[in-house]
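Structure first, then comments.
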Amino acid sequence: MAPQGRTGSIPGVADGHVVRGIPTESDMSLEDRVLALAGFGSSDEETTKGWASSVISKQLTLVSASAEPNGTSTFSFTVQEDHCNRLGNLHGGCTATIFDFCTTTALAPIARPGFWAYAGVSRTLAVTYLRPIPLGEEILIESTVVHAGKRLASIKGVMKRKSDGAVMATCEHGKVSIDPEVSKI
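Under my numbering, the first residue of the sequence shown carries the number -13, and numbering increases by one thereafter.
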């Protein structure tokens, strides 16, 4: 069952803001769960607005998602001019934003009620930039859950050049769950 929109006092959530969870229905494909987390295809303005919403909902393309052996997701992305720094390469802040979103989606395939169904909040995000990613370059963003416990998760991300698989940037993303306790009745 999909977690309902929640308002109120939730750790890490602004007062009055509605938080929608990851759909956890067993008959929903893992890819659809990842897409729902981002609001892909949603007409709900609350789901699709905010920082970097155009990058997330319009310029990232889901390639795959899996729950085995851990949660994973892979997206493709082509660098556009408005993503670049003054040198014509993907801006470091944009790189970090893409990693923040994409690594979070790796939790969707393993989410269940009371276990990462609200995707948590960032605790740490460490990005290592290895090569510049120039305007027009198509990259793959591969994300893998390294560990997901009751309250903390660690996820790794790798940006690779699609044409030859060269690693362009990596990240380690630490998350804290904001899921409410689930009744055991």
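Even for Gly, the Cβ is constructed at its ideal location relative to N, Cα and C.
Original post:
Under the DSSP definition of a beta bridge, which residues are partnered with Thr110?
Top reply: According to DSSP, which records beta bridges pairwise, Thr110 is partnered with Gly160.
Original post:
Between the region 94 to 105 and the region 148 to 157, do three or more beta carbon pairs fall short of 8 Å?
Top reply: no
Original post:
Grouping DSSP H, G and I as helix and E and B as strand, with all else coil, what is Gly100?
Top reply: coil
Original post:
Going straight from the alpha carbon of Leu46 to that of Thr130, what length do you get?
Top reply: Between Leu46 and Thr130, the C-alpha separation is close to 17 Å.
**OP:** Under 8 Å Cβ to Cβ from Asp86, same chain only, skipping five residues before and after it: list those, please.
**Re:** Ser108, Leu111, His159.
**OP:** Could you spell out the range, first to last residue, of the beta strand (DSSP E) harbouring Val137?
**Re:** Inspection of the sequence shows that residue 137 is occupied by Arg rather than by Val. From DSSP, Arg137 is part of no beta strand (DSSP E); its letter is neither H nor E.
Subject >> Among Phe61, Arg137, His77, His133, nearest to Met145 - alpha-carbon criterion >> reply: Phe61
**OP:** Check each candidate in Asn56, Gly135, Glu54, Leu76 and name the one with the smallest Cα separation from Phe63.
**Re:** Leu76
Original post:
If you drop the 5 nearest sequence neighbours on each side, which residues of the same chain put their C-beta closer than 6 Å to that of Thr91?
Top reply: Val20, Leu23, Ser59
Original post:
Do you know whose CA, among Arg137, Ala152, Gly135, lies nearest Glu124's CA?
Top reply: The candidate whose alpha carbon is nearest that of Glu124 is Ala152.
Original post:
So, helix, strand or coil for Pro95, using DSSP?
Top reply: helix
Original post:
Can the beta-carbon of Thr83 be found closer than 8 Å to that of Ala134?
Top reply: no
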